[in-house]
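Everything below concerns the one structure shown next.
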Amino acid sequence: MTRNPRYDILFEPVKIGPVTAPNRFYCTPHALGTGQQMPHTRAAMREVRAEGGWGVVNTGYCSIHPSSDDAPLPYCRLWDDEDIKVHALMVDAVHRHGALAGVELWHGGGGTGNRLTRIPLMSASGVSTDSTYPGWMNLTRSRPMDKQDIREFRRWHVDAAKRARSAEFDIVYIYAGMNFGPYQFLLPWLNKRTDEYGGSLQNRVRLMREIVEDMKEAVGQTCAIAVRFSTDELLNIPGQTLESEAHEIITMLSDVPDLWDVKSSSWVRETASARFTEEGAQEPINSFVKPLTSKPVVGVGRFTSPDAMVSQIKRGILDLIGAARPSIADPFLPKKIDEGREDEIRECIGCNICVSGYHDCVPVRCTQNPTMGEEWRRNWHPERIPPGDPDTSVLIVGAGPAGLECARALGQRGFAVTLAEAREELGGRVSIESKLPGLATWARVRDYRTNLIQTMGNVDIYRGSELSAQDVIDFGCDHAVIATGATWTREILSSNGYPVDEIEDDAVFTPDNILAGAELQGPVVIYDFDHYYMGSCLAELLRKRGIEVTIVTPANAISAWTFMNNELGNIRVRMIELGIGTVFENYLTGFSDGAANLASVYPGGGVSSIDCGVLIVVGVRSGNDRLYQELNSDAGRMADAGISSLQSIGDCRAPGAIAHAVYAGHECARNIDANEPVAPFLVERPSLSSN
Ligand code: ADP
Ligand code: SF4
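Numbering (this note's numbering) for the sequence shown: 1085 to 1775.
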């Protein structure tokens, strides 16, 4: 297939200082959870994006000096020459596919932790800020930088830039955003200096200008110098001559850097999930930049639609389409557009499971792309998969995320696949849950897979087919895969935090009941110890129907786990806006006479009760493994039917997030014909350095 001419503009080269990006697809710097410790994993995770057609592929944040240390979060570094080879591995990998490689040099100033290096933090004026995020806060505060510190600070940037050039990076960043070092000089509430680096905007910008000029002089002949700059806070400060200080800064430095990478000052706002932001949501903080500079401008916006990308360029908002999440979900997004296969794009659903991977300090995982993070250690590729035997038949029972991904990948391998689903609609939980407020994009998990499966002649789909064990036996197949999902239970927690017996009462419901359309007489208490999205989504759904809702949770926040995927604050705001009541740090002890009985999680914290017509328990899911167990208990009958392997996957085997189910489906498809036990994966091993 050929490219739709409407998208030609996306494939125009863009000159960035001394280098030229082959197209407008730009992987902006973003951490992938590998840091410096996993060089092979990191190189492979970046390489696959270059292979997939991204014209520029950047690192995540890369510390320039031990005085900027974000441990235990996974960051990379260029502290000395020994650090260069880790980067060279990635640069070579990116260059193999004709893309440019960029490095985001970073000094956190007072906005990091230095937990590992134990060097006192330093910043423009030593003004206290929360170091990184709540939960990662530390107990140290920064000291003000003196003139010697500023000279060193400039030198560290230059030294790191030279090392970056040695690693053969094409683009070198200064990071002047998100509460990090140079940005702290820009903000009047963080910069209280009375010398030439404080006071007037001219003075506050001085350090940023000096660093860009220093880096240009040092490596600017061969490397483009990019500035990563947060605009939103500065847009709110009126300027002397222009609308805002953000306008004035861009005007002052207009053509000094070779590229402007424009972003939000808050990672939480920038990577807001699809539940809270639309594609292109950054436009209000990006769009003012281009008219003020002749240099290319890049920004993000969770862009997955080529039309939205073209619109950004034609309307003069951006020159380069920045992406982190869309490139994780589909490293081959540019190639698919180039080849007229935009229908095959595996669109990011904006769930932010990838963000939680970084917070977990492990290589990021993705709901849509199960191969992300597995490129090196398992040799998984997002587009290629070894062929299988077309005469081998596989029956998959259940077409949720696990079953669908298994069917898609087995179909791609060429097996003879049959997918049986009890309901008329495919998609399992994603079809049901995508109807919850804000979760419509989750249906992309189903749509990407069903679109492909429907074009495969070797995959048969049977809807409205609830299979029994006898049905599976009668059907006969070489391999049977059971992907029958999970069911929410009415189990509650004991006073020491473990699930105990289910509450039996006609007025007690589970999320499955509500999603199936149960009629409720409020007021409603939602007892949430699942701590992810379901409790707050149901609260929102019911409140919008006019029902009074109170969330009770043993945690100290609503949807407490969502600290990990950056949704926590937005969920809290949404609950406040909707007038949803909250009771934190309480266990539900029972439900009687129309009241939910509660007890503090703390000894001596007291008991209470809330009158309610309905109690919804959002706690434990239990795998629907009856079919699997029945088949598994009768090996003789299976053997007689010629079924050589049986396995359960996804929520049926171990309830989890959608990402886990997709991953399980993919893994099953890759290994279904392995004759030997499959080695788990390669392990990165630290090597002993010479010093
Ligand atoms: P997962 O996330 O593991 O894919 P889901 O709950 O999303 O799990 O999907 C499981 C699917 O399996 C649902 O669509 C459900 O209707 C289907 N299912 C459950 N039991 C059977 C059965 N016996 N026969 C066919 N389909 C089934
Ligand atoms: Fe997008 Fe979710 Fe994948 Fe992150 S994990 S890239 S948000 S689909």
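Ideal placement from N, C-alpha and C gives every residue a C-beta, glycine not left out.
According to the neighbour-count rule (16 or more other Cβ atoms, all chains shown, within 10 Å of its Cβ), is TYR1582 buried or exposed? Here residue 1582 refers to the residue found at position 498 when the sequence shown is read from its first residue. The residue is exposed, with fewer than 16 neighbouring Cβ atoms inside 10 Å.
DSSP three-state assignment for GLU1395, whether helix, strand or coil: To locate residue 1395, count along the sequence shown from 1; it is residue 311. Residue identity check: residue 1395 is Ser in the sequence provided, not Glu. SER1395: helix per DSSP, three-state reduction.
Report the three-state DSSP secondary structure of THR1634 (helix, strand or coil). Along the sequence shown, one-based indexing puts residue 1634 at 550. Under the three-state reduction of DSSP output, THR1634 falls in the strand class.
Out of curiosity, what's the CA-to-CA distance linking ALA1570 and ILE1733? To locate residue 1570, count along the sequence shown from 1; it is residue 486. To locate residue 1733, count along the sequence shown from 1; it is residue 649. Taking the CA atoms as reference points, ALA1570 sits about 11 Å from ILE1733.
With three or more C-beta pairs closer than 8 Å as the rule, is the segment 1125-1136 touching the segment 1458-1475? The segment 1458-1475 vs the segment 1125-1136: in contact.
Per-residue DSSP class, three states only, for LYS1379: By 1-based counting over the sequence shown, the position of residue 1379 is 295. Here LYS1379 sits in coil by DSSP.
Name the DSSP bridge partner or partners of CYS1146? Looking up residue 1146 in the sequence shown gives position 62. The partner list for CYS1146 (beta bridge, DSSP) reads CYS1160 and LEU1189.
Under three-state DSSP, which class holds THR1104? Along the sequence shown, read from residue 1 onward, the residue named residue 1104 stands at position 20. Reduced to three states, the DSSP call for THR1104 is strand.
Inside the segment 1214-1253 only - beta strand (DSSP E) runs reaching at least 3 residues: none
Burial state of ASP1164, where buried means 16 or more other Cβ atoms lie within 10 Å: For the purposes of this step, residue 1164 is identified with residue 80 of the sequence shown, where counting begins at 1. Classification of ASP1164: exposed, given that the 10 Å Cβ count is below 16.
By the three-class DSSP mapping on this structure, what secondary structure does MET1122 have? Taking the first residue of the sequence shown as 1, we reach residue 1122 at position 38. Here MET1122 sits in coil by DSSP.
Please classify MET1229: is it buried, with 16 or more other beta-carbons within 10 angstroms of its beta-carbon, or exposed? Position 145 of the sequence shown, counting from 1, holds the residue named residue 1229. So MET1229 ends up on the buried side.
Nearest candidate by alpha-carbon position, reference TRP1526, set ASN1535, ARG1533, SER1515 and THR1534: In the sequence shown, residue 1526 corresponds to position 442, counting from 1. For the residues ASN1535, ARG1533, SER1515 and THR1534, the minimum Cα distance to TRP1526 belongs to SER1515.
SER1226 and LEU1200: beta carbons closer than 8 Å? By 1-based counting over the sequence shown, the position of residue 1226 is 142. By 1-based counting over the sequence shown, the position of residue 1200 is 116. No, the Cβ-Cβ distance between SER1226 and LEU1200 is not below 8 Å.
Going by Cα to Cα distance, which pick from GLN1731, ILE1660 and ILE1255 is closest to PRO1113? Within the sequence shown, the letter at position 29 stands for residue 1113. That would be ILE1255, whose Cα lies nearest to the Cα of PRO1113.
Report yes if the C-beta of GLN1452 is less than 7 Å from at least one heavy atom of the ligand SF4; otherwise report no. Residue 1452 sits at position 368 when you count from the first residue of the sequence shown. At least one heavy atom of the ligand SF4 is nearer than 7 Å to the Cβ of GLN1452, so yes.
Under the three-state reduction of DSSP, which class applies to PRO1761: helix, strand or coil? For the purposes of this step, residue 1761 is taken as the residue at position 677 of the sequence shown. Here PRO1761 sits in coil by DSSP.
Tell me whether ILE1405 counts as near the ligand ZN, meaning its Cβ is closer than 7 Å to at least one heavy atom of that ligand. No copy of the ligand ZN occurs in the structure displayed; its ligands are the ligand ADP and the ligand SF4 alone.
Alpha carbon to alpha carbon, how far is GLN1496 from ASP1473? Here residue 1496 refers to the residue found at position 412 of the sequence shown. Here residue 1473 refers to the residue found at position 389 of the sequence shown. If I take the Cα positions, the gap works out to 11 Å.
With burial defined as no fewer than 16 other Cβ atoms inside 10 Å of the residue's Cβ, what is the status of GLN1232: buried or exposed? Working through the sequence shown from its first residue, we reach residue 1232 at position 148. Label assigned to GLN1232: exposed.
Under 7 Å: does the beta carbon of CYS1146 sit that close to some heavy atom of the ligand ADP? Counting from 1 along the sequence shown, the entry for residue 1146 is found at position 62. Checking every heavy atom of the ligand ADP against the Cβ of CYS1146, none is found closer than 7 Å.
Between GLY1434 and the ligand SF4, is the CB less than 7 Å from at least one heavy atom? Counting from 1 along the sequence shown, the entry for residue 1434 is found at position 350. Yes.
Mind checking which residues open and close the beta strand (DSSP E) that includes CYS1561? On the sequence shown, position 477 is the one that residue 1561 refers to. Neither: CYS1561 is in no beta strand (DSSP E) and is coded neither H nor E.
Which residue wins for smallest C-alpha separation from ASN1107, given the options GLU1714, ASP1757, ARG1249 and GLY1137? Within the sequence shown, residue 1107 is the residue found at index 23, counting from 1. Residue GLY1137 is the option with its Cα nearest to ASN1107.
Mapping DSSP to helix, strand and coil, what is ASP1176? Along the sequence shown, read from residue 1 onward, the residue named residue 1176 stands at position 92. Residue state, collapsed to three classes: helix.
From SER1620 to PRO1607, what does the alpha carbon distance come to, in whole angstroms? Here residue 1620 corresponds to residue number 536 of the sequence shown, with the count starting at 1. Here residue 1607 corresponds to residue number 523 of the sequence shown, with the count starting at 1. Cα to Cα, SER1620 sits roughly 16 Å from PRO1607.
Of the residues LEU1494, ILE1421 and ALA1679, the one placed nearest ILE1537, counting alpha carbons only: Here residue 1537 corresponds to residue number 453 of the sequence shown, with the count starting at 1. Minimum Cα distance to ILE1537 is reached at LEU1494.
Residues in the same chain with beta-carbon distance under 6 Å from MET1540, minus the five sequence neighbours each way, listed in chain order, please. Stepping through the sequence shown from its first residue, residue 1540 is reached at position 456. Within the same chain, MET1540 has close Cβ partners GLY1495.
Verify the contact flag: SER1578, CB atom, against every heavy atom of the ligand ADP, threshold strictly below 7 Å. On the sequence shown, position 494 is the one that residue 1578 refers to. No.
Measure the C-alpha to C-alpha separation of THR1216 and VAL1242 and round it to an integer number of angstroms. Stepping through the sequence shown from its first residue, residue 1216 is reached at position 132. Stepping through the sequence shown from its first residue, residue 1242 is reached at position 158. Residue confidence is low: THR1216 scores 49 on pLDDT, short of 50, so the model does not pin down where it sits. No coordinate-derived value is stated.
Just to confirm, are SER1328 and LEU1337 a CB contact at a threshold of 8 Å? Taking the first residue of the sequence shown as 1, we reach residue 1328 at position 244. Taking the first residue of the sequence shown as 1, we reach residue 1337 at position 253. For SER1328 and LEU1337, no; Cβs fall outside 8 Å.
Under the three-state reduction of DSSP, which class applies to ASP1092: helix, strand or coil? The residue given as residue 1092 occupies position 8 in the sequence shown. It is helical.
Evaluate the contact criterion for the segment 1185-1197 versus the segment 1146-1160: three or more CB pairs, one atom per stretch, below 8 Å. Yes, the segment 1185-1197 is in contact with the segment 1146-1160.
Please tell me whether LEU1711 and THR1573 are closer than 8 Å, where the distance is taken between their beta carbons. Against the sequence shown, residue 1711 aligns to sequence position 627. Against the sequence shown, residue 1573 aligns to sequence position 489. Here LEU1711 is not near THR1573, since their CB atoms are 8 Å or more apart.
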